[in-house]
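In this text, residue positions in the sequence shown follow full-length UniProt numbering: the first is 1, and each later residue adds one.
One structure is given here, and the rest of the page talks about it.
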Amino acid sequence: MSSDPGADDRLSLVMEYVGPSLHHVLHGARRGCPFQEDVVRYLMRQLLGGAKHMHERCGVVHRDIKPENVLVGDGVKICDFGLAMRTSTQSPPYGLHGTRSYMAPEILLGKPDYDAKVDAWSLGCVMAEILLGDRLFGRAADDADQLLRIFYILGVPDQISWPSYNSMPLAGELVAPPPTTSTPHRNRLREMFPEDCLSIQGFQVLSGLLSCDAHKRLSAADALELPWFAVN
């Protein structure tokens, strides 16, 4: 913070200069060319570390993590906290906030008391986009379409994969009720990220962040403890 003596006591907020957004790097400079796994690990270690600090030390949930809100310099930094909330001072319902392509299923389904795991989902979407060079779930027309795209890739929820699905406020309204348990839960995520693209340990991180059931989803702190990040 600095002030100009000749500016009628107005204050100026001075921040460090950081480079372009990750979105610009992915879709501008690199023109959709995906990164190699070691670079993805380097980027995700920093993003998850920032999210862990934000969640555990500050009690803040960002709610809009996406490539446009990640700045790239010597490293990467999460920016734009315009939709962030502090869980210690705000009470549910928290409302539907974020960018649809990176929004966790529980938000789309109207869960009023979601938590920091919504940021973990968004980081999973960002990780997938860094690997693919494009949005994992594409560009949905509306919330129902977004859920259908999620279920197409990650599987239709059932009582095993997501026991609390039917308790979500909008379950059965935005999309048809899930089939009976006799219908197999088909997850296509590994088909999109085969082992020559993402190692077994790397896929453990990606699939853990992209669990539809928030109770089974990795937190940022949990993800950082996985073997993938033991590699320097």
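All C-beta atoms, glycine included, are put in the ideal place defined by N, C-alpha and C.
No experiment lies behind these values; they were computed from the predicted model shown.
{"Item": "Own chain, CB closer than 7 angstroms to Gly133, minus 5 neighbours either side, in chain order", "Value": "Leu26, Gly32, Cys33 and Pro34"}
{"Item": "Residue environment, Leu154, which counts as buried when at least 16 other CB atoms sit within 10 Å", "Value": "buried"}
{"Item": "Under the three-state DSSP convention, the category Thr181 falls into", "Value": "Caution applies to Thr181, whose pLDDT of 43 falls short of 50 and renders its modelled position unreliable; the model cannot decide the point."}
{"Item": "Outcome for Ser122 when other beta-carbon atoms lying within 10 angstroms are tallied against a minimum of 16", "Value": "buried"}
{"Item": "Inside the region 70-112 only - beta strand (DSSP E) runs reaching at least 3 residues", "Value": "70-72 and 76-78"}
{"Item": "Sequence-distant residues of its chain with Cβ nearer than 7 angstroms to Asp168 (five each side left out)", "Value": "Before going on, a small fix: residue 168 reads as Met here, not Asp. Glu106, Leu109, Gly110 and Lys111, listed in sequence order."}
{"Item": "Delimiting residues of the alpha helix (DSSP H) encompassing Asp9", "Value": "Careful: Asp9 lies outside any alpha helix (DSSP H) and carries neither H nor E."}
{"Item": "Ile160 - containing alpha helix (DSSP H), residue span", "Value": "No alpha helix (DSSP H) contains Ile160, which DSSP labels as neither H nor E."}
{"Item": "Where His55 falls, given that 16 or more other Cβ within 10 Å makes a residue buried", "Value": "buried"}
{"Item": "Given Ile78 as reference, the closest of Pro92, Gly95, Tyr94 and Val60 once Cα atoms are compared", "Value": "Val60"}
{"Item": "Contact the region 154-163 vs the region 85-102: 3+ CB pairs below 8 angstroms", "Value": "no"}
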